[in-house]
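Numbering-wise, the sequence shown is residues 544 to 713 according to the working numbering. By construction, the Cβ of each residue, glycine as well, lies at the ideal position given by its N, Cα and C atoms.
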Amino acid sequence: RYELINEVLVVSPIPSRNERDPNEELGHSLRAYQESHPHGSALDATIGEETIETKKNRRRADRVIWAGLGHLPGPHEPPTIIIELVSKGKINRERDYVAKRAEYREMGVKEDWNIDRFSRPMTVCLFAAERDQELVIAADQTYATTLLPGYELPLRRLLELAERWGKKRK
544 RYELINEVLV
554 VSPIPSRNER
564 DPNEELGHSL
574 RAYQESHPHG
584 SALDATIGEE
594 TIETKKNRRR
604 ADRVIWAGLG
614 HLPGPHEPPT
624 IIIELVSKGK
634 INRERDYVAK
644 RAEYREMGVK
654 EDWNIDRFSR
664 PMTVCLFAAE
674 RDQELVIAAD
684 QTYATTLLPG
694 YELPLRRLLE
704 LAERWGKKRK
């Protein structure tokens, strides 16, 4: 996994099971919505571990969603929603909550979801022309976005999947 950040090639470790398992569940949940919900056609595509080209950098997003387009996105069409499963450490938090968020906003992303398996809430940034709005969703709450009518994010389930890999097993 590589990212190009400020003209420096950065090699990142492969995501842990704590990150991959909830990400796969999220993908499954989104595809189930797409295939079986009356408004599922709002979801055009979702892909995990996607490389995003911003104006200055190439970033790796944990999951991207294109919604409301009515077609598969073109190669340079920005995602509607970008989801980050926050990595451990101050530098990673700064990257996910500040640096990436600013780049995603600039490229036209509508929502940025940061799922924090360490402190447990999810922070959603709704980008708007005048003023962005930030929402904090607790682990026991459900998040629904107008971009995917009728879809409810299974936050508790995602956090449970992330936690189970940290438990001691025989």
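Within 8 Å, strictly: CB atoms of residue i and residue j
i	j	result
N657	V629	yes
P618	W609	no
R644	C668	yes
Beta-carbon proximity list for residue i, same chain, < 6 Å, skipping 5 on both sides
i	result
I625	A604, V607, Y647, V652, D655
D564	L704
T666	N657, V679
Nearest-angstrom Cα separation, counted from residue j out to residue i
i	j	result
I680	Y640	15 Å
W708	T589	24 Å
L701	E568	7 Å
L698	E649	27 Å
T685	H580	17 Å
N566	D675	26 Å
P558	E627	12 Å
R560	D683	22 Å
E592	R663	21 Å
Any non-hydrogen atom of the ligand COA closer than 7 Å to residue i Cβ
i	result
E567	Ligands in the displayed structure: none, and consequently the ligand COA is not present.
Proximal residues to residue i (C-beta, below 8 Å), its chain only, five neighbours per side dropped
i	result
Y576	G583, L586, L691, G693, Y694
L612	D587, E620, T623
Buried/exposed call for residue i, threshold 16 Cβ in 10 Å
i	result
K598	exposed
T689	exposed
R660	buried
I595	buried
L615	exposed
E677	exposed
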